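Comments concern the structure below.
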Amino acid sequence: MDRRSFLGMSVTGAASMLLNPLEAQPAPTGLKPQPVIPRWRGFNLLELMGGERQRYQEFDFRFMAQWGFNFARLPCSYWVWADKKTWKTINLAALQPIDRAIELGKQYNIHINLCLHRIPGYCVNSSEVEPYRLFDSPRDSMERALEAAVYHWRHIARRYKDVASSQLSFDLFNEPPFMDDQSRYLEIARALISAIREESSERLIFADGADLGQTPVMGLVDQGIVQSTRGYLPKMVSMYSASGVPANEFESLAKPTWPMIDNNGLVWNREKLWRELISKWQPLVQLGVPIHVGEWGCYNKTPYDVCLAWMSDLLALWKEAGWGWSLWNLRGPMGVLDSDRSDAALERLDGHTVDRKMLELLVAN
């Protein structure tokens, strides 16, 4: 089981931003205006991530709205509406779950962020099953994959062109691979952004950072988009004992504490989190590029007090930075619903279990 398969199971002027969340702000000379977004907070909803068509649940939207959350990221696989052998044949009926999610978002005042978790030619899970590859392949293969990826985003942008950007944004694709230089990623991202804007010129667009979302992409500053980062470090805390994460991604295999010392003797604490997850993004922030944390969370085998202490530090840092976030996920082993945590007091609610202590921590931040 790979990592993502496993995962499937305050700023000055903030008030004025909320009044006009997508109003462009002045940008440095020579750059396009940067979007301004609210501090969106919410969850990833995984119904279409694995390639099977499932309905998004109204309960999830009602629950999020009840507790004041306003953002739902939808990681989707293009396999839901197309076959990898016939990339350009799109089953329109298979897009109806997304239609439903957008309508539920409107009904409950929750912004929908549509992400291609699997795009033609790439997925952080098993890209090798794609007939052609977006990265690290012969040029002809990469061009065929990019052509298909552009085709899908163009179709999606056209389908939803009448939905306001305040209600729907697009995240190009999930977690680009580790890379020595970002030139190929820039080529892909620019092509996708151009295709989307040809169909929906005002669409708000997100692009994940390079290196699985962990590295800012200065080469996209001129595109006037949001950049999406991650909050899984250190994995020795967030992914403790998760079998789907390669052993070499863990800083230590010891039972987590917080703060914690890794195998190299480095102390991970709030200050270390700031250096690793906030500081490196400041060049983008200084240019007015909005940052959003597209994914973060803590597996249910991490001791509960450690999980909450780590989460508390992360949330405090993002609140101070003015960044929004979307937890992975709402329902499941890293969520506030149906997490099956053995060391947390879970309450029953409409057929679900609720981690109220974690929920209240999220609501407060």
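If you're matching positions, the sequence shown starts at 13 in our numbering and goes up one per residue.
For every residue, glycine included, the Cβ atom is placed at its ideal position computed from N, Cα and C.
Just so you know, these numbers come straight off a predicted model, no measurement behind them.
Taking the continuous beta strand (DSSP E) assigned at residue 84, which residues delimit it?
83–89
Is the beta carbon of residue 156 closer than 8 Å to that of residue 144?
Less than 8 Å separates the beta-carbon of residue 144 from that of residue 156.
Reference residue 123, options 106, 195, 165, 49, closest by Cα
49
What residue range is occupied by the uninterrupted alpha helix (DSSP H) comprising residue 376?
368–376
Going by C-alpha distance, which of 350, 168, 194, 284 is nearest residue 184?
168
Same chain, Cβ closer than 8 Å to residue 97, five either side skipped, listed in chain order:
A distance below 8 Å between beta-carbons, with the five flanking residues on each side excluded, links residue 97 to the following residues of its chain, in chain order: 143.
Kindly indicate which residue of 51, 62, 70, 161 has the alpha-carbon position closest to the one of residue 362.
Distance from the Cα of residue 362 is smallest, within the candidate group 51, 62, 70, 161, for 70.
For residue 364, collect the residues of the same chain with a Cβ closer than 8 Å to its Cβ; drop the 5 residues on either side in sequence, then sort them by chain order.
71, 343, 349, 350
Neighbour-count burial assignment, residue 178, 16 or more Cβ in a 10 Å radius:
Flag for residue 178 reads exposed.
Extract the residue ranges of the beta strand (DSSP E) inside the segment 201–268, only unbroken runs of 3 or more that lie entirely within it.
216–220, 238–243
I need the boundaries of the alpha helix (DSSP H) containing residue 360, first residue and last residue.
Run containing residue 360: none in the alpha helix (DSSP H); it sits in the beta strand (DSSP E), 359–361.
Please classify residue 212 as buried or exposed, where buried requires at least 16 other C-beta atoms within 10 Å of its C-beta.
buried
With a threshold of 16 other CB atoms inside 10 Å of the CB of residue 121, please say whether the residue is buried or exposed.
exposed
Minimum C-alpha distance to residue 182 - residue among 60, 340, 87
87
Range covered by the beta strand (DSSP E) that runs through residue 71
The continuous stretches of beta strand (DSSP E) do not include residue 71, which lies in the alpha helix (DSSP H) extending over residues 70–78.
If distances are taken between C-alpha atoms only, which option among 248, 254, 278, 255 comes closest to residue 268?
248
Between the C-alpha atoms of residue 252 and residue 140, what's the straight-line distance to the nearest angstrom?
Between the C-alpha atoms of residue 252 and residue 140 there is a straight-line separation of about 27 Å.
Suppose you measure from the CA of residue 255 to the CA of residue 266; what does that come to, to the nearest Å?
15 Å
Determine the closest residue to residue 204 out of 193, 352, 192, 218, with distance taken between C-alpha atoms.
218
Roughly how many whole angstroms lie between the Cα atoms of residue 235 and residue 206?
The alpha-carbon separation between residue 235 and residue 206 amounts to approximately 9 Å.
For residue 308 versus residue 340, is the C-beta spacing smaller than 8 Å?
yes
Residue 227 to residue 336 span [Cα, whole Å]:
17 Å
Pick helix, strand or coil for residue 34, following the three-state DSSP scheme.
In this predicted model, residue 34 has a pLDDT of only 46, less than 50, meaning its place in the structure is not dependable enough to derive any value.
If you pair each beta-carbon of the segment 280–299 with each one of the segment 324–335, do three or more pairs fall below 8 Å?
yes
Are the segment 97–109 and the segment 148–164 touching by the rule of at least three beta carbon pairs closer than 8 Å?
With a cut-off of 8 Å, the segment 148–164 and the segment 97–109 count as touching, because enough Cβ pairs lie within range.
Compute the Euclidean distance between the alpha carbons of residue 358 and residue 200, then round it to the nearest angstrom.
Going from the Cα of residue 358 to the Cα of residue 200 covers about 44 Å.
Which residue's Cα is closest to the Cα of residue 301: 150, 216, 192?
Nearest to residue 301 by C-alpha distance, out of 150, 216, 192, is 216.
Would residue 54 and residue 81 be called neighbours here (beta carbons separated by less than 8 Å)?
yes
Taking residue 92 as the reference, give the member of 304, 78, 67 with the closest Cα.
Per the C-alpha coordinates, the member of 304, 78, 67 positioned closest to residue 92 is 67.
On the DSSP letters alone, give me the boundaries of the alpha helix (DSSP H) that residue 319 sits inside.
316–333
Alpha carbon to alpha carbon, what distance is there between residue 209 and residue 352?
43 Å
Identify the continuous beta strand (DSSP E) that holds residue 153 and give its terminal residues.
No beta strand (DSSP E) holds residue 153; the alpha helix (DSSP H) holding it covers 151–171.
Checking contacts by CB at 8 Å: is residue 149 closer than that to chain B?
Any reference to chain B falls outside this structure, which holds one protein chain only.
Who are residue 101's beta bridge partners in DSSP?
According to DSSP, which records beta bridges pairwise, residue 101 is partnered with nothing at all.
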